[in-house]
Structure formats: structure tokens, C-alpha cells
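Numbering (the numbering used here), first residue to last: 1 to 715.
For reference, the structure is listed below as C-alpha cells.
Laid out in C-alpha cells, this is it:
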């Protein structure tokens, strides 16, 4: 027997089945939202993991392609590495739930979500988020939940809760908000320059829905919840803290952390650590948790300095941004480059342009997302923080930071019609001390403009932090947090946007939620800082997109042809299009709607390819003057290729005004000649003339036609 619980959520039924499947997990919820089905499970190890000073939480979001009736591509025909969407969804589930586990809990916990069926109007990501919260809440794993998540769209100026697929396509905002009972605990947003006040309204509209969902979860927990199990606490003993203060007084710790040089601070802490290790050399138990104790001592020192003394570790005012610098064209041969520096955070971004055929193909469960034209990638090498480790490719953090910057820039990109390019920007972290993702937004925006991408507006990003006291009213919001303030503070509130409004938000916190006044102040603070960066720093490096793409970037021209003529351009087995490519050296992409993109570095060759394509799709009529190549000679005349698979014949009598005894006396194979179409007969045969009198007659006819048209227009 199993139990089923249902509620109406945004006009669709959400059903949770408990005890139907996965009964050996600590907690399991078989989630149904419309026809979307997700199995969410929560499991924990019996004992803490030895030798770690963090909570080992793993969150998985597994997209099964059978959920949308697909067989995976490739040779193995099975799901492989997690998609970017899977990684990002896992991060969005992790961020609101991690703060709700006990601080001293070190047991391994895995939250696994398997997408088994997808109704495109009922988000599987949202279903998994709710499922993880429910599975953990009803399990015996210690958890200070429940939490709930809601998505919000903006369609025709109206806020829409949990939008359908059609509404998402038309939406100017994609907002995800997670809440606990009384506070907001996570925000993730992408938006088309949405005003700050409207964003705040949307956040708290989602929060109200979340409170209703939490009431629903409470009924499930009341009936199915297990007693929470006991666990071995990994908290630092109070007597160790007391002993540390005897050896290193608070004033000494303040001096150690009060510097704007990250390396100096780290050296100071290294010396303090060595001093404490020597003092406690005989106490193995204390030495095993000394690293965590020093971390917490630093944290308490920094928080006290900020909250009580209003002093930041680097001496800045609470709303002061670190030293800023911006420059473009760092790299001579790339299509566009820019570097943005904020204190000890420095990002060099490189923009590359390519034909649309090089857009990224996506093989996922969202049938509407099959390709991606703009790609933003973020790299975080170990040298950027003065460490050494081998490069093993991007991890979840790198993927998440790249996606956030990408989300911030997509709203200002030109359409494919305006700018028919695939675009890739790569953020290389040169130095890191907080908010590299926001520096990536700034440097990417400038690199795009330097590459000649006609973006609608420059975009800047900035992060603010938070230190809270004992009450909801006791807090300080910090502008432009550095790494230390991120580690020891309560919030990392990242906002990207333009002068007009917000394009992206990502909020991470380490406490059990934020009140409305804190969120409003954070959004206001980031707006002020963002406008300063746009006007006083970025605009002075590059104020608008360059009028043309760079010297080394490919040039792309577009034309439209009748879709029914696509076969003529391609030719049998691609022979016609391949011949054009071979002759001109360009790259040609043809869409099903008849859009033809011709890409190359030589504009003359691009023009030549377009001329050939137009000649193929244009019907040849009597009276036209055309250029073609002599491809065959007979006794009675010469055959001229006017376009691929379109030859016309010049009779020997039409080669010249004078009598011609032999065709080769006038033309030879390979000659390029200008001819007039004399006739296209019923059989489709094209008769041509090279006689000057025929050319002149054509010119006179054209002149008369033009004069006649002008007369009619004047009348």
C-alpha cells in the first residue's frame, strides 16, 4: 500500500506518491505534475565521512531521454555525461537545501532525481526541486525544512506562475524562487531588462505560492514523515575555542585578516596555524579539528568587524567597489577581446564568430531547445588563486558561472536575421578574489562590442554580500564582496543588467532565508553599483559596438531564395553546392525556409558565390544580359555555362557582327564572356548572342523603360 497526496498548482495537479517505489531509500517521493513524472530520493550514510570539514551533499538530476520518446545518440545509445541543463538544475536544487542541513553534519547525503516522463507544460526541473524537498523532509535525515520552489514568467506584462512551454517562449522573464516558511532562500533569474520593482514583485508573488506548497508538504510529513536519526556531531569543542583565544587573542586575529592583499592574509593565517599546531602538539583530538576551528575563528572575527565595528577586511566602506579597470583588444588575432579587473579579480574574455552551422546542438528532454547559437564558457585555472592542480575540464562551478554570464547577455544579443553568426565568448580567469562570474559579464559585454556584435546595450554584473546578527533587523549589506567576505558572510547576491533593467540574478545564502527589506536593499545596491561600472569604467574602454566585424572574423552575407529552389542550389548528391564552395572558398548554409548564409574572409568571393546562387534560382528570360564561361565548342557555335546546370548556346552567326569562319577565332573553352539571352524556346533551350548590336539594343530598351517609369511616377 502507498499513500497519495494532491494539490492544484498553477492550474495543474501535483501528486506525490509515498511508499510506492524506492522504499529502501531514506526518503522517496514519486512526483507527478501533469504528465511529468520524476522520482526523487534522499539517502544518507550511517556514519560521517572521516577527515573532512564540510557537509558532503551530492545532488543529481538525471534526464532520461525515454522520458520524451528519444533514443540517445552516439554508439553506446545510452545516457552519458550529464547535460549542461542537468548540471544547472542540480545546482539550483542544491543551493536552497544545503543551508537547511545541520552545520555539524558530515554524513554523506545524495539527493537523486530521475526524470521518467515529461509533459512539456509541466516543468520537470520544478518537479524535481519539489521532489527533493519532500523526499528529504519525510526521511529520517536531519533537515530544517521543508522548502518549496516556484517559477515565474512575464507574458505581455503579466506575471505567470509556473508558465507552460508556450508561455515560456513568449516570456520576458524566467524566475525561480525557493522559500522556507517565512523567508526567501534562493533566487535564480534570467530577464529581458526587467525593472527592479517588477522583479521584486515577482519574487514575492512566488514566495506566496511557496508558502501554500509548504503547507501541503507539512500534511505529507505529518502522515509519512520518519523520526530524524541521531548523528555524530563534528562541531568544534568549546574548550578548543577558549584555548585558541589564549594563544591567539582576538586583536591578533583582526590584524591577520585586516588586509586587502589575499596572499598577505593567507600568509598571516599560515603563521597563526603553525603557532597553534605547536601549542597543541600533544592533543591529537584538537589537532584533528584545528583547521575547522581556525576557519570559524576567522569567520567570527570578520563578521564581528563588519557588523559591530563597520570595518571591512580591506578597509573599504560598506558600499565601496574595489579598484576597477577595463580595456579591449588585448589579443591581436582573435575576433574580439576585453579584460575587466576588479581588485584582485581579473577576467580576460575572448569572442569568436562563426557561421550559424557551428551553433551548439542540444540532445535533451526539452523539445524546444535543440540548438544554442550563443555559448559562454568560463574557465578557472588553479594559478588564478595561486594554487597548483592539474586541469581536468570544467566542473559544476565552472559550468554554472558560464551559464550565469550567458543568461545575462542573451537578452541584448541581435537576432539571427540582424547578425547571422554563431557566437562564443570564453572567460579566462586571470586572477580570482570574489565575483569572477560578474566580472565575466562585464568583460564578455566589452568583447562582444569589440568584435562588432551589435548588442542592444552593454551589460554589467556586480555582487553584494550580507552579514546578519541575532535578529532580522540586525544586518549589513556589502557592495562588491571579495572572497573572504563571501566565505564568511551569509549571502552572495549576484545581479547582471543594463541601464534599463535586470538581465540575470543568482542568489546563494548560508542562512535560513532573507526578509523582503534585505532583498530590496540588495537589488537597490547592485543597481547603483552596476550603473557606475557601466558609465565610469566600461563605457570609457568601449562605448558602443564596432560598426563592422574585425579583420580576422568571417564575413557573412545572407540572401533568401524560394525554398523549392533549394534542391537546384544543392544539386544531386551536393555536386552543385560543392562546386560553388570549391570555386570560391566560402562556406554556405541553407535553411529550410530558404535563408542562405554565405561565409568567408574574402568579400569578393562571397559576392561571387551569391551571384552564382542567384543565377541558379533566377529564371532566365529573353532580353537578359549575363556573364558565363565557355564550356564546349561545336562547329556551329559555342555553349556557355550561365549557371550550374544552365547552359546556353551562341550560334556561330551570333558571335560577331562580321562573318565568322571558325568558332575558335572568337572564343575558346574557359573564356568568360558577356552575352544577351535572345530566346528561351518551348523546350527550355537558351539561345544567346555576343553581337554588340544586340547588346546596344538591350541597353536602349532598358533606358526607354526607365524613362517611361519616371514619367509615370511624375504624373
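Just so you know, even glycine gets a beta-carbon here, dropped at the ideal spot from N, CA and C.
Give the range of the beta strand (DSSP E) segment to which residue i is assigned.
| i | result |
| --- | --- |
| residue 719 | Look at the range of the chain in this structure, 1 to 715, and you will see that residue 719 is not part of it. |
| residue 224 | It is not in any beta strand (DSSP E) - residue 224 instead sits in the alpha helix (DSSP H) that spans 196 to 224. |
| residue 5 | 3 to 9 |
| residue 493 | 491 to 497 |
| residue 338 | 336 to 342 |
| residue 506 | 502 to 509 |
| residue 651 | 646 to 651 |
| residue 62 | 57 to 63 |
| residue 547 | Premise fails: residue 547 is in no beta strand (DSSP E) and is neither H nor E. |
| residue 161 | 158 to 161 |
| residue 326 | 324 to 328 |
For residue i, which residues of its own chain have a beta-carbon under 6 Å away from its beta-carbon, when the five flanking residues on both sides are left out?
| i | result |
| --- | --- |
| residue 401 | 378 and 437 |
| residue 325 | 341 |
| residue 199 | 502 |
| residue 155 | 167, 170 and 171 |
What does residue i pair with, by DSSP beta-bridge criteria?
| i | result |
| --- | --- |
| residue 658 | DSSP output for residue 658 lists no bridge partner at all. |
| residue 48 | 107 |
| residue 632 | 639 |
| residue 676 | 625 and 689 |
| residue 33 | 14 and 36 |
| residue 379 | 428 |
| residue 421 | 355 |
| residue 317 | Residue 317 pairs with nothing; no bridge assigned. |
| residue 186 | 178 |
| residue 477 | 466 |
| residue 599 | 556 and 587 |
| residue 371 | 361 |
Would you report the Cα separation of residue i and residue j, rounded to the nearest angstrom?
| i | j | result |
| --- | --- | --- |
| residue 557 | residue 416 | 12 Å |
| residue 512 | residue 601 | 56 Å |
| residue 392 | residue 564 | 48 Å |
| residue 258 | residue 528 | 26 Å |
| residue 351 | residue 196 | 29 Å |
| residue 162 | residue 498 | 26 Å |
| residue 81 | residue 640 | 56 Å |
| residue 234 | residue 105 | 7 Å |
| residue 216 | residue 132 | 15 Å |
| residue 231 | residue 47 | 7 Å |
| residue 570 | residue 357 | 16 Å |
| residue 190 | residue 45 | 36 Å |
| residue 696 | residue 685 | 23 Å |
| residue 297 | residue 241 | 8 Å |
| residue 384 | residue 408 | 23 Å |
| residue 559 | residue 459 | 31 Å |
| residue 149 | residue 207 | 8 Å |
| residue 480 | residue 89 | 26 Å |
| residue 119 | residue 36 | 5 Å |
| residue 470 | residue 308 | 12 Å |
| residue 680 | residue 77 | 55 Å |
| residue 323 | residue 474 | 29 Å |
| residue 414 | residue 652 | 54 Å |
| residue 117 | residue 347 | 41 Å |
Note down, in chain order, each residue of its chain lying with its Cβ closer than 8 Å to the Cβ of residue i, except the 5 sequence neighbours on either side.
| i | result |
| --- | --- |
| residue 138 | 18, 27, 29, 220, 221, 224, 225 and 226 |
| residue 1 | 19 |
| residue 79 | 62, 63, 64, 65 and 72 |
| residue 624 | 676 and 677 |
| residue 664 | 633 |
Starting from residue i, follow the alpha helix (DSSP H) in both directions and report where the run begins and ends.
| i | result |
| --- | --- |
| residue 94 | 84 to 97 |
| residue 301 | 290 to 307 |
| residue 134 | 124 to 138 |
| residue 450 | 436 to 450 |
| residue 531 | 516 to 533 |
Taking buried to mean at least 16 other C-beta atoms within 10 Å of its own C-beta, is residue i buried or exposed?
| i | result |
| --- | --- |
| residue 71 | exposed |
| residue 530 | buried |
| residue 619 | exposed |
| residue 376 | buried |
| residue 424 | buried |
| residue 584 | buried |
| residue 716 | A query on residue 716 cannot be resolved here, the shown segment of the chain reaching from 1 to 715 and no further. |
| residue 239 | exposed |
| residue 335 | buried |
| residue 638 | buried |
Whose C-beta lies closer than 7 Å to the C-beta of residue i among residues of the same chain, with five residues either side of it excluded?
| i | result |
| --- | --- |
| residue 91 | 396 and 400 |
| residue 247 | 275, 276 and 279 |
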